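**Q** Would you mind keeping the following structure in view while I ask a few things?
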Amino acid sequence: MDAINARKNFEFINNIKSVNPELDQIYHFNEAEQKQILNESPWKKDPHYFTHVKISAVALIKMVMHARSGGSIEVMGMMQGKVQGNTITIMDAFALPVEGTETRVNAQAEGYEYMVQYMTKIKEVGRLENAIGWYHSHPGYGCWLSGIDVNTQMQNQQFQDPFVAVVIDPNRTISAGKVEIGAFRTYPEGYKAPDEGPSEYQTIPLSKIEDFGVHCKQYYPLEISHFKSTLDTQLLDQLWNKYWVNTLSQSPLLSNREYAARQMSDLAEKLQMTAAIASRAGPGTFGPLGSSGHYTKDKKKKQEESQLSKITRDSNKISVEATHGLISQVLKNVLFTTNPHQKDSSALGPLVDTDTVLSPTPGTS
């Protein structure tokens with residue numbers, strides 16, 4: 290697989306759509322139009338005004354590379370773009386020279402000074418888009434807003450709206466291959482969010498569940514799509530060469546060892562907690578089908594996903610990610626270490642023990 294095919298695969302997995310060359314006006318910044326939209330500020334009347342975020346392929350790769358470079362440390366950056374109806378369009382992104390922690394994810398003085406200087410200099414070279422959002426990473430614990438994130442986003446929306454918060458999980462991106470990303474906006478203070486039903490399931494570590502649950506009604510997610518254009522090609526090629534080399538030279542099994550260990554530990558804690566609750570509560574604890582084997586009469590329980598089934602989904606996810614990493618290593622071994630002139634298939638012997646895989650389990654034949 291060369292760099293071109295790898296980039297095409299990245300674009301396919303993340304559903305990056307090409308913009309028609311005749312419609313390249315998405316890259317044109319109309320200052321008068323943006324000022325008019327800002328003066329009208331329709332989002333102040335409707336907390337759900339913004340429903341969609343479009344992210345350019347260049348901005349996406351920049352954010353992913355920055356998030357991956359931070360490892361287990363949270364990183365932070367800003368995004369530039371504009372408003373198009375109910376859509377926030379992100380054209381570019383830049384990193385801030387600050388690190389986030391679980392107790393502080395905001396730019397502080399050094400970050401704001403850098404941001405002001407950057408925005409001033411970039412306008413001098415003709416990049417007129419304003420700061421329209423911020424992004425940061427959640428290494429290993431999913432895309433959502435913590436209490437600190439919610440407060441930061443509320444302040445941003447209060448003083449420099451329109452503004453959007455984007456969260457990237459670099460660990461899950463490495464494991465799954467697809468960029469794990471989410472975009473969010475907070476509700477005004479005192480606003481009661483409507484009951485929108487269960488959201489799409491995602492694995493939340495036990496240590497983060499409380500923070501997730503307390504603040505999950507204070508913001509809402511926006512639909513995300515990605516785009517690119519012929520105008521991006523040269524810059525995208527340069528960025529991709531760096532991103533592709535890093536991806537190829539790293540092994541998900543090695544770079545994500547700590548993440549995998551934390552996942553297994555978290556899964557064990559959830560199982561212990563579920564078993565303890567089941568022992569106290571008795572039959573019917575695990576949802577529609579009780580531990581006694583009889584269906585519960587509670588219709589609401591039949592509709593809700595039981596805790597045990599969530600744990601099962603988490604364990605399946607861990608095994609799939611591990612298998613994905615193993616397959617990736619096998620493919621790299623075949624592509625880069627196998628002699629192309631060697632016809633003997635024994636070169637793959639150490640990778641797969643066919644006798645073990647194909648032999649029947651004792652007692653099953």
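Whatever position you read off the sequence shown (first residue = 1), add 289 for the working numbering. Glycine included, every Cβ here is placed at the ideal spot set by N, Cα and C. No experiment lies behind these values; they were computed from the predicted model shown.
1) Among Gly422, Ala549, Ser518, Ser554, whose alpha-carbon lies nearest the alpha-carbon of Ile377?
2) Could you tell me which whole alpha helix (DSSP H) segments of length 4 or greater appear in the segment 391 to 474?
3) Quick one: what does DSSP say Gln561 is sitting in, helix, strand or coil?
4) What number of angstroms, rounded off, separates the C-alpha of Asn460 from the C-alpha of Asn303?
5) Pull the bridge partners of Asp381 from the DSSP assignment, please.
6) Rounded to the nearest angstrom, what separates Ala557 and Ser514 at their Cα positions?
7) Checking 8 Å against the spacing of the C-beta atoms, do Ala382 and Met404 come in under that value?
8) Short of 6 Å in beta carbon distance, which residues of its chain neighbour Ile305, apart from the five on each side in sequence? Order them along the chain.
9) What residue does the alpha helix (DSSP H) around Ser358 start on, and which one ends it?
10) Restricting to Cα atoms, I'd like to know which of Val455, Pro428, Gly429, Tyr430 is closest to Val439.
11) In terms of residues, what are the limits of the beta strand (DSSP E) holding Ile315?
12) Could you have a look at His613 and say whether DSSP puts it in helix, strand or coil?
13) Kindly examine the ligand MN and report whether one of its heavy atoms sits closer than 7 Å to the Cβ of Glu322.
14) Measuring only between beta-carbons, confirm whether Phe318 sits less than 8 Å from chain D.
15) Bridge partners for Tyr508 per DSSP, in chain order?
16) With DSSP as the reference, identify every bridge partner of Ile513, one or two as the case may be.
17) Just the C-alpha distance for Gln314 and Arg416, rounded to the nearest angstrom, thanks.
18) Apart from the five residues on each side of it in sequence, which residues of its chain come closer than 6 Å, Cβ to Cβ, to Ser442?
19) Using only alpha-carbon positions, find the residue among Gln406, Ile379, Val619 that is nearest to Gln386.
20) Are Glu322 and Met380 touching if we call contact CB-CB under 8 Å?
21) Can you tell which of Lys621, His341, Leu349 has the C-alpha that lies nearest to the C-alpha of Ile470?
22) Hey, Tyr424 and Ile457: beta-carbon distance below 8 Å or not?
23) Whole-angstrom Cβ separation of Pro336 and Pro510, contact assumed at under 8 Å?
**A** If we stick to the structure as given:
1) As a position in the sequence shown, residue 377 is number 88, starting the count at 1. Among Gly422, Ala549, Ser518, Ser554, the Cα nearest to that of Ile377 belongs to Gly422.
2) If only uninterrupted alpha helix (DSSP H) runs of at least 4 residues are considered, those enclosed by the segment 391 to 474 are 397 to 413, 436 to 449, 459 to 465.
3) Locating residue 561 in the sequence shown gives position 272, counting from the first residue. If DSSP states are grouped into helix, strand and coil, Gln561 belongs with the helices.
4) To locate residue 460, count along the sequence shown from 1; it is residue 171. To locate residue 303, count along the sequence shown from 1; it is residue 14. Straight-line spacing of the CA atoms in Asn460 and Asn303 works out to 16 Å.
5) For the purposes of this step, residue 381 is taken as the residue at position 92 of the sequence shown. Beta-bridge analysis with DSSP links Asp381 to Gln369.
6) Taking the sequence shown and counting its residues from 1, one reaches residue 557 at position 268. Taking the sequence shown and counting its residues from 1, one reaches residue 514 at position 225. Cα-Cα distance, rounded: 35 Å.
7) Counting from one through the sequence shown, the residue named residue 382 turns up at place 93. Counting from one through the sequence shown, the residue named residue 404 turns up at place 115. Contact: no.
8) Taking the first residue of the sequence shown as 1, we reach residue 305 at position 16. Within the same chain, Ala346, His515, Lys517 come within 6 Å of Ile305 by CB-CB distance, once the 5 residues on both sides are set aside.
9) Here the question's residue 358 lines up with position 69 in the sequence shown. Unbroken alpha helix (DSSP H) run through Ser358: 346 to 358.
10) As a working note, residue 439 is residue 150 in the sequence shown. It is Val455 whose Cα lies nearest to the Cα of Val439.
11) Locating residue 315 in the sequence shown gives position 26, counting from the first residue. Unbroken run through Ile315: none, as it is neither H nor E.
12) In the sequence shown, the residue the question calls residue 613 occupies position 324. Secondary structure at His613: helix, using DSSP grouped into helix, strand and coil.
13) This structure lacks the ligand MN, and indeed carries no ligand of any kind.
14) No chain D appears in the structure shown, which is made up of a single protein chain.
15) To locate residue 508, count along the sequence shown from 1; it is residue 219. Under DSSP, Tyr508 forms a beta bridge with Thr475.
16) Here residue 513 refers to the residue found at position 224 when the sequence shown is read from its first residue. DSSP output for Ile513 lists Val342 as bridge partner(s).
17) Taking the sequence shown and counting its residues from 1, the one referred to as residue 314 is at position 25. Taking the sequence shown and counting its residues from 1, the one referred to as residue 416 is at position 127. Put simply, the backbone Cα of Gln314 is about 14 Å away from that of Arg416.
18) Working through the sequence shown from its first residue, we reach residue 442 at position 153. According to the sequence provided, residue 442 is Gln. The question's Ser does not apply to it. Leaving aside the five residues that flank Gln442 on each side, the residues in its chain whose CB is nearer than 6 Å to its CB run, in chain order, Ala454, Thr475.
19) Counting from 1 along the sequence shown, the entry for residue 386 is found at position 97. The question names Gln, yet the displayed sequence has Pro at residue 386. Out of Gln406, Ile379, Val619, Gln406 has the C-alpha closest to the C-alpha of Pro386.
20) Along the sequence shown, one-based indexing puts residue 322 at 33. Along the sequence shown, one-based indexing puts residue 380 at 91. Not a contact, by the Cβ cut-off of 8 Å.
21) Locating residue 470 in the sequence shown gives position 181, where the first residue counts as 1. Nearest option by C-alpha distance: Leu349.
22) Here residue 424 is taken as the residue at index 135 of the sequence shown, counted from 1. Here residue 457 is taken as the residue at index 168 of the sequence shown, counted from 1. Contact flag set, yes.
23) As a first step, residue 336 must be located in the sequence shown, where it is residue number 47. As a first step, residue 510 must be located in the sequence shown, where it is residue number 221. With 8 Å as the limit, Pro336 and Pro510 do not qualify as a contact, their Cβ atoms being about 13 Å apart.
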